[in-house]
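Q: Pasting in a structure now, in C-alpha cells, and then I'll have a few things to ask.
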C-alpha cells in the first residue's frame, strides 16, 4: 500500500516547483518534505525527483504523480457521498495545461461559474497548443487543452472546436512593407511575430500559401504583449479572431489576407479515472466552447 502522505509531498514539490513552497502549502517544514521524498524513494527503490531547479519527476515519479492526481479526484467523489471523510473542507485544486490564447479569450467565461459551483481552484500551466500534451505525459497535470487529437495512455480526448486566427498588422506596417498590396511571397521577407520556439503556426500559414523556408520574426511569449507589438507595428502576426474584434472595428489592426484565415483544433484531454469532477468539467467545456470556437471537421 502507498503512503499517501509521501505521494502528497511529491505532488506538492512538482506542482509548487520547489521544496520550500511545497512545505508552505502542506504546512510542514522544508526538512520534513525532504525526509518524505527520501522515504518515498527508499520505498520504491529509485529516485522520484531529479534535483534541479525546479525539481523534475523521474519516470517512476511521473507514474506516481499520475496515480496521486487521479486518487485525489476519486476521493472527492467519495467525500460527496460521505461528507465526514472531508475533515479539512478545503476546495479541490485541479492542475490544467492550456494554451495562452485560450486563456486570453474564452477560457475564463467557460469555467468561472463551474469553479464557483464546484468549489474548485485551478492551477493553470500555460503551454503552446502543440506541446501541452507533454504535461499530461509527464504526470504533471490532470487535463490539458492542445491541438493533438491522440490522447496519452489512460486518457480521453474530446474535440471542443477550433480557434480561428487571422494574419494582422498595423496600418503603418502595411503601408511601409506592402505599398503595392499584400502578397504572400512578401510575408516571409517582412518581420513577423512568433509566440515562442514551439509556435509553428506562422510556418504552417506560410506553407499553406505556398511559401517555404524561414522568415524574419520576433519572439514574444505573451498573448497580450503579442497584440501590443502588432499594434505598434513591429511585425505581422497570426492573432485569435476572438481577441481583436475591437481593434479591427477601430482600424487599429487590419487583415493582410482577409480570405485566408487559419484554424487550429482544440482538444480537451483528461484522465479516464478522473472521477466525477473531470467528467462534469468536460461536459461544461463541450457546451460552452460552442459559443467561441468554430466547428472543426
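In UniProt numbering, the protein residues as written are 1 to 297. Using N, Cα and C, we set each Cβ at its ideal position, and we do this for glycine too. Computed from a predicted model, the values in this text were never measured in an experiment.
1) List the endpoints of the continuous beta strand (DSSP E) containing residue 158.
2) So what's residue 119 in DSSP terms, helix, strand or just coil?
3) What does the alpha-carbon distance come out to for the pair residue 139 and residue 164?
4) Please state whether DSSP places residue 49 in a helix, a strand or coil.
5) Is it buried or exposed, residue 270, if we count other Cβ atoms within 10 angstroms and call 16 or more buried?
6) State buried or exposed for residue 108, treating a residue as buried only when at least 16 other CB atoms are found within 10 Å of its CB.
7) Report yes if the CB atom of residue 56 is closer than 8 Å to the CB atom of residue 49, and no otherwise.
8) For the alpha helix (DSSP H) containing residue 277, list its first residue and its last residue.
9) Closest by CA to residue 171, which one among 152, 195, 110, 248?
10) Give me whichever residues DSSP pairs with residue 98 in a beta bridge.
11) On the premise that residue 127 lies in contact with residue 267, defined as a C-beta separation below 8 Å, what is that separation, rounded to the nearest angstrom?
12) Would you mind sorting residue 52 into buried or exposed? The rule is 16 or more other CB atoms within 10 Å of its CB.
13) If I'm right that residue 159 touches residue 265 with Cβ under 8 Å, what's the distance once you round it to whole angstroms?
14) Where are the beta strand (DSSP E) runs, 3 residues long or more, that stay fully inside the segment 215 to 263, in chain order?
15) Just the C-alpha distance for residue 274 and residue 235, rounded to the nearest angstrom, thanks.
16) So, using beta-carbon positions, are residue 166 and residue 211 closer together than 8 Å?
A: With the structure as the only source:
1) 155 to 169 is the extent of the beta strand (DSSP E) around residue 158.
2) In this structure, residue 119 counts as coil in the three-state DSSP scheme.
3) Approximately 30 Å between the Cα atoms of the pair.
4) In this structure, residue 49 counts as strand in the three-state DSSP scheme.
5) Buried, because 16 or more other Cβ atoms sit within 10 Å of the Cβ of residue 270.
6) Label assigned to residue 108: exposed.
7) Result yes, Cβ atoms of residue 56 and residue 49 sit closer than 8 Å.
8) If you look at residue 277, you'll find it in the alpha helix (DSSP H) that goes 275 to 289.
9) Of the candidates 152, 195, 110, 248, 248 places its Cα closest to the Cα of residue 171.
10) The partner list for residue 98 (beta bridge, DSSP) reads 126.
11) Contact doesn't hold; Cβ gap of about 13 Å is too wide.
12) Answer is exposed; the Cβ neighbour count stays below 16.
13) Sure, about 7 Å apart at Cβ, within 8 Å.
14) Entirely contained in the segment 215 to 263, the beta strand (DSSP E) runs reaching 3 residues are, in chain order, 217 to 219, 237 to 240.
15) Approximately 43 Å between the Cα atoms of the pair.
16) With a cutoff of 8 Å on beta-carbon distance, residue 166 and residue 211 are scored as not near each other.
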